[in-house]
Each structure stands twice: as structure tokens, then as C-alpha cells.
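Residue numbers (the working numbering): 245 to 462. Backbone N, C-alpha and C define an ideal beta-carbon position, used for all residues, glycine too.
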Amino acid sequence: MVAIVGRTRMSSRGQVVIPKALREAAGIAEGDELEVAFDGQRLTLAASRPGQPLTEDHGTTRAPQPALRPSKIRADRVRALAGKAKWFLKDEDDSQAALAVLERYVQGKLHILVPDLFFYEIGNLLSLAVRRQRLPEKTALQSLEELERLHLEPVGLRGEADSALSFSQLLDISFYDATYLAAAESRGVPLVTSDKKLLKAAASEFGWVLTPAQAVEL
């Protein structure tokens, strides 16, 4: 039997990313529960199959607990971490799907978290749109006022450095983009983005990286 070996890096929160080749070889899918064991020299992971108890170091067993899935994080509302939104630039790709996500938020069906830099990024996008004559200045000001009235919940990105560096190296993406992945993973929520480069790098690896169109179905 040929062993498949991969390399990963642990974040400051003790999180590790299992390489895709190893997940596929082990038959591990998103939401599967894993048994972690340490024999004094080697730390191992094993998939927990339905009905199979997990063995504890002290010899007792515990029944498998429901796995925590990003889309099941809350019973009443689904949480999602949103990247740069296209809510105010209607001619952008995916703008209609992004608006549909926002509508679900307004209806109370979706709870949206945004990075603390989100508001500055939106302001910069709107300012650039005005300079390029894509939007009148009055419309940009109205959009900023609408954004404030939405009362989106900001989340800090500090403390995500270790995990972000791991994502950056694993997926060959910028540290900045990797920080969004780290923030979403540490909170157990999907990341919603229209960034094509980020989607290409991460969507096939992680089922919780979604397009706005996919997020509408949450």
C-alpha cells in the first residue's frame, strides 16, 4: 500500500487544513467528524464512521456528536462572512445575486458578518466609481447612508495571521485574501465572494467558499 503524504501548518487556534489529495484518499468530506489520537510520539486523524464510537485516552467512549457545518451554525439564521459587496454598483457581474443575498439579510433569513475594513472598502469603491463617472456623487452618498442603516455586524481580522499565512501558502493567494478565509474558517461560517481569483483557488478546496448565487440558497 502506498502512503500519501502531505504537509500543512497549524494556526494559532490549533486549526489545520487537510490537503485535498489526502481528504479524497481518505474519503473525508465536509462536515465529517474525525477522531484525533496521540500515542506519545505520533498524532493521527481517523474518520469516524456512523455508529462507530470515538475512543478516549482513558478507555471510555463517547457517542459521535453532530458535526458543525458552516451552514448550520445557527438554527434561526444562517451566518455568512461577506467580502467586497456589489450591492451599490448595479452594472457589476453578480450584482443581482449579491442584491438577492442582501434581501435575505433584510428579511432576517441570513445574518451577514463583514470584515472591519469592509466599510472603508465600499467607500473607496464608490469614490472610485464617482471619479470614473460610473455613479453621480449624490448616488454614492445615498449608498453610504443606506450602508450605515443596514447595521451589518463587523468582525475584526486581527489574530488570524497564522491561519492566513497557511491559507496563503497552500492556495498561492495573497495574504490579504487569505485573511478572509481564515476569518470565515475560525468562525465556522461560509465566505461569500465574487472575487474570481479567490474562488478559483479556494472553492474547489473548501465547500464553504461561495459565490453570491450559491449564498442565496443558504
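If you follow the beta strand (DSSP E) that F282 is in, where does it begin and where does it stop?
Taking the first residue of the sequence shown as position 1, residue 282 is located at position 38. For F282, the uninterrupted beta strand (DSSP E) segment begins and ends at L278 to F282.
Check whether the Cβ atoms of Y420 and L325 sit closer than 8 Å, and answer yes or no.
On the sequence shown, position 176 is the one that residue 420 refers to. On the sequence shown, position 81 is the one that residue 325 refers to. No, Cβ-Cβ distance for Y420 and L325 is not below 8 Å.
Under 8 Å between the Cβ atoms of V260 and L414?
For this step, residue 260 is matched to residue 16 along the sequence shown. For this step, residue 414 is matched to residue 170 along the sequence shown. Result no, Cβ atoms of V260 and L414 do not sit closer than 8 Å.
Within 8 Å, strictly: CB atoms of P338 and S438
As a first step, residue 338 must be located in the sequence shown, where it is residue number 94. As a first step, residue 438 must be located in the sequence shown, where it is residue number 194. Per the sequence shown, residue 338 should be read as Asp rather than Pro. It is a contact, given that the beta carbons lie within the stated cut-off.
Determine, using beta carbons only, whether V436 comes closer than 8 Å to chain C.
No chain C is part of this structure, which consists of one protein chain only.
Classify P398: buried if its beta carbon has 16 or more other beta carbons within 10 angstroms, exposed otherwise.
In the sequence shown, counting from the first residue as 1, residue 398 sits at position 154. The residue is exposed, with fewer than 16 neighbouring Cβ atoms inside 10 Å.
So E397 is in the alpha helix (DSSP H); what residue range does that whole segment cover?
Residue numbering aside, residue 397 sits at position 153 when the sequence shown is read from its first letter. For E397, there is no enclosing alpha helix (DSSP H); the residue is found in the beta strand (DSSP E) stretching over E397 to V399.
Per DSSP, what kind of secondary structure is A341 in: helix, strand or coil?
Counting from 1 along the sequence shown, the entry for residue 341 is found at position 97. The DSSP-derived three-state label of A341 is helix.
Backbone CA spacing between L443 and I417 [nearest angstrom]
As a position in the sequence shown, residue 443 is number 199, starting the count at 1. As a position in the sequence shown, residue 417 is number 173, starting the count at 1. Their backbone Cα atoms lie some 11 Å apart in a straight line.
Could you tell me the distance, in whole angstroms, from the CA atom of L287 to the CA atom of V453?
The count along the sequence shown starts at 1 and reaches residue 287 at position 43. The count along the sequence shown starts at 1 and reaches residue 453 at position 209. Answer to the nearest angstrom: the Cα atoms are 28 Å apart.
DSSP-derived helix/strand/coil call for P456
Along the sequence shown, one-based indexing puts residue 456 at 212. Three-state result, P456: helix.
How do the stretch 350-366 and the stretch 376-384 stand: do at least 3 beta-carbon pairs fall below 8 Å, yes or no?
Contact between the stretch 350-366 and the stretch 376-384 is not established, with fewer than three Cβ pairs separated by less than 8 Å.
Counterpart residues of A326 in DSSP-defined beta bridges:
For the purposes of this step, residue 326 is identified with residue 82 of the sequence shown, where counting begins at 1. V436, per the DSSP bridge assignment.
State buried or exposed for A273, treating a residue as buried only when at least 16 other CB atoms are found within 10 Å of its CB.
Numbered from its first residue, the sequence shown carries residue 273 at position 29. Around the beta carbon of A273, a 10 Å sphere encloses fewer than 16 other beta carbons of the protein chains shown; the residue is thus reported as exposed.
Sorted by chain position, which residues of the same chain lie with C-beta nearer than 7 Å to A446's C-beta, five sequence neighbours on each side aside?
Numbered from 1 along the sequence shown, position 202 holds the residue referred to as residue 446. Counting only Cβ-Cβ distances below 7 Å, and skipping sequence neighbours, we find L415, L425 and V453.
Would you mind stating whether L354 and R348 have Cβ atoms separated by less than 8 Å?
As a position in the sequence shown, residue 354 is number 110, starting the count at 1. As a position in the sequence shown, residue 348 is number 104, starting the count at 1. The Cβ atoms of L354 and R348 lie closer than 8 Å to each other.
For A427, collect the residues of the same chain with a Cβ closer than 7 Å to its Cβ; drop the 5 residues on either side in sequence, then sort them by chain order.
Here residue 427 corresponds to residue number 183 of the sequence shown, with the count starting at 1. Contacts found: L325, P359, V399, L401 and E404.
Starting from the Cα of A457, find the closest Cα among Q340, L278 and E277 and give me that residue.
What you label residue 457 is simply residue 213 of the sequence shown in a count that begins at 1. The option with the nearest alpha carbon to A457 is Q340.
Return the Cβ separation of V460 and V345 in integer angstroms, given the expectation that the two are a contact with Cβ distance under 8 Å.
Within the sequence shown, the letter at position 216 stands for residue 460. Within the sequence shown, the letter at position 101 stands for residue 345. Contact between V460 and V345 holds, with the beta-carbon distance rounding to 6 Å and staying under 8 Å.
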